[in-house]
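Report on one structure; see the data block that follows.
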Amino acid sequence: MQELENLTSDKINLIKHIYEWNQQITHFADMKVNVLQIINTLIISFSATFSARDLTSHSKVIIITAVVLAAFSSLMLLLTILPRGGKGNSLGVNFYKGILKFSCEDYCSRMAKINIDEILENYLTSIYMIACIEEKKFIRLKVAFVSSFIAIALVGSAIIFNILLFHR
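Every number in my numbering is 543 more than the matching position in the sequence shown, counting from 1.
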């Protein structure tokens with residue numbers, strides 16, 4: 544009961560704010576995935592429009608490398624949108640995986656019996672798990688971004704190489 548007295552409404556509001564902020568960061572990462580996926584699609588589509596007859600062998604290799612990098616980036620982006628968290632909150636009452644481990648009746652019964660300390664502990668564990676998911680998302684986003692950037696640079700260099708070679 545002492546812990547409950549120490550938890551002021553300010554602390555509870557701070558925990559809620561941290562949770563919401565982490566959810567917004569996850570949403571932001573997902574929006575970046577959408578943008579990068581569109582860029583990768585454009586790279587692959589644009590690369591497919593080149594006529595193989597009009598390209599030199601160097602340009603063909605560069606274009607194929609760019610397409611492979613864009614495809615790799617797309618794979619990383621697909622892995623980014625699939626959340627993979629820890630297993631620490633397996634019985635949490637406020638995280639979807641924990642909720643779904645109960646039947647509807649068991650969940651309602653558990654929520655009726657739970658005290659505020661347990662709810663806050665579950666909330667904090669959920670925040671930690673979301674942060675772990677975010678870390679993985681942003682690592683994959685960085686890899687995908689670098690791959691996409693290199694693919695764009697390669698396509699650009701192939702175009703410039705062909706323009707310089709054919710317009711002499």
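The C-beta atom is built at its ideal place from N, Cα and C for all residues, glycine as well.
### Query
Cα separation between F704 and S617?
Working through the sequence shown from its first residue, we reach residue 704 at position 161. Working through the sequence shown from its first residue, we reach residue 617 at position 74. Straight-line Cα distance between these residues: approximately 26 angstroms.
### Message
Taking 8 angstroms as the threshold (C-beta atoms), are N583 and S700 in contact?
### Response
Position 157 of the sequence shown, counted from the start, is the residue given in the question as residue 700. Position 40 of the sequence shown, counted from the start, is the residue given in the question as residue 583. No, the Cβ-Cβ distance between S700 and N583 is not below 8 angstroms.
### Message
Considering only their Cβ atoms, is the gap separating N565 from E677 smaller than 8 angstroms?
### Response
Within the sequence shown, the letter at position 134 stands for residue 677. Within the sequence shown, the letter at position 22 stands for residue 565. Against a cut-off of 8 angstroms, the Cβ pair of N565 and E677 comes out as a contact.
### Query
The alpha helix (DSSP H) spanning L643 covers which residue range?
The sequence position of residue 643 within the sequence shown is 100, counting from 1. Neither: L643 is in no alpha helix (DSSP H) and is coded neither H nor E.
### Task
Starting from I607, follow the alpha helix (DSSP H) in both directions and report where the run begins and ends.
Numbered from its first residue, the sequence shown carries residue 607 at position 64. 600-624 is the span of the alpha helix (DSSP H), which, as asked, contains I607.
### Query
Of the choices L707, M619, N658, whose alpha-carbon is the least far from that of L579?
For this step, residue 579 is matched to residue 36 along the sequence shown. Looking at the Cα atoms, M619 is the closest of the given residues.
### Message
What would DSSP say about F709, mapped onto helix, strand or coil?
### Response
On the sequence shown, residue 709 is found 166 positions in, with the first residue counted as 1. Three-state DSSP puts F709 in a helix.
### Query
Distance, Cα to Cα, N632 vs I670?
Translated into positions along the sequence shown, residue 632 becomes position 89. Translated into positions along the sequence shown, residue 670 becomes position 127. Interpretation of N632 is limited by its pLDDT of 49, a score under 50 that renders its predicted location unreliable; the figure taken from the coordinates is listed afterwards. Cα to Cα, the separation comes out at about 10 angstroms.
### Residue nearest to V698 in terms of C-alpha spacing, selected from C647, K554, Q567, V604
Translated into positions along the sequence shown, residue 698 becomes position 155. The candidate whose alpha carbon is nearest that of V698 is V604.
### Message
I need the straight-line Cα distance from E563 to N658, nearest angstrom please.
### Response
Translated into the one-based positions of the sequence shown, residue 563 becomes position 20. Translated into the one-based positions of the sequence shown, residue 658 becomes position 115. Cα-Cα distance, rounded: 22 angstroms.
### Query
Can you give the Cα-Cα distance for V576 and L684, rounded to whole angstroms?
Counted from its first residue, the sequence shown places residue 576 at position 33. Counted from its first residue, the sequence shown places residue 684 at position 141. Answer to the nearest angstrom: the Cα atoms are 7 angstroms apart.
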